[in-house]
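Residue numbers (the numbering used here): 604 to 830. Where a beta carbon is used, it is the ideal one built from N, C-alpha and C, also for glycine.
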């Protein structure tokens, strides 16, 4: 019984000592800081030497390539050198021309695509203006409900396809519509919208008042009053 107790006691003491050794041991770097610093410095020196020789061999390789090209050029006939340079320049010129042509084709295709999409809403806007003008002569031919429906339809279409300038001027036109004293200004703003539409469709802008002259008889008087 005493032997068993003594044996168990020894086991407990041994376990306690093992735990103490484990807890007090720590990592290798903590136990040997100087040796760890020496090893790190040695690794750093080795890496530096490797990098140095890599750059050294690369420098020798580049110099050897330059010398080889120089020797080949000196041995070549002048006519061959000129032909080589001319061919290289021609190839570069063809590549640049192809890139520029692709860019121009892309811009043209994009412009044509947008012009097709804008043609219908822009045409409906001009038609709406003529309907309003016709209603002045024949009252009731173009009611307010019909006009509001056309305005809503046009606004929806230019939300997607209208250019930024057309959208900006259209918003300003709508805002000025609520001002009773902005009649003449709004009239010329409407002409600016039509000019921007012409530009979007690939046409040139026209002189101020020329588009309004189609449906405003005394446009010259209006122009004088607007100055």
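Residue 667 sits in a helix when the DSSP states are folded into three classes. Segment contact: the stretch 756-763 against the stretch 703-712, fewer than three CB-CB distances shorter than 8 angstroms; contact not assigned. Residue 795 is positioned such that its CB atom lies closer than 8 angstroms to that of residue 772. For residue 804, no alpha helix (DSSP H) encloses it, and the DSSP letter there is neither H nor E. In the displayed model, residue 745 falls within coil according to three-state DSSP, outside both helix and strand. Look at residue 818 here: in three-state DSSP terms it is coil, with no helix or strand label. Between residue 737 and residue 744, the CB-CB gap stays under 8 angstroms. Nearest to residue 817 by alpha-carbon distance, out of 797, 718, 802 and 805, is 797.
Straight through space, the alpha carbons of residue 664 and residue 693 are spaced by roughly 30 angstroms. Non-local C-beta neighbours of residue 808 in its own chain, meaning closer than 7 angstroms and more than five positions away in sequence, comprise 798, 801 and 802, ordered along the chain.
For residue 810, there is no enclosing alpha helix (DSSP H), since its DSSP letter is neither H nor E.
For residue 767, the enclosing alpha helix (DSSP H) covers residues 767-779. When only Cα atoms are considered, residue 775 and residue 703 end up about 38 angstroms apart.
One alpha carbon belongs to residue 814, the other to residue 686, and they sit about 60 angstroms apart.
DSSP, read as helix, strand or coil, puts residue 756 in helix. Pairing residue 804 with residue 727 gives a Cβ-Cβ distance that is not under 8 angstroms. With a threshold of 16 other beta carbon atoms within 10 Å, residue 725 meets it and is buried.
Judged by DSSP in its simplified three-state form, residue 715 adopts helix. Counting C-beta atoms within 10 angstroms of its own C-beta, residue 765 has 16 or more neighbours from the protein chains shown and is therefore classed as buried.
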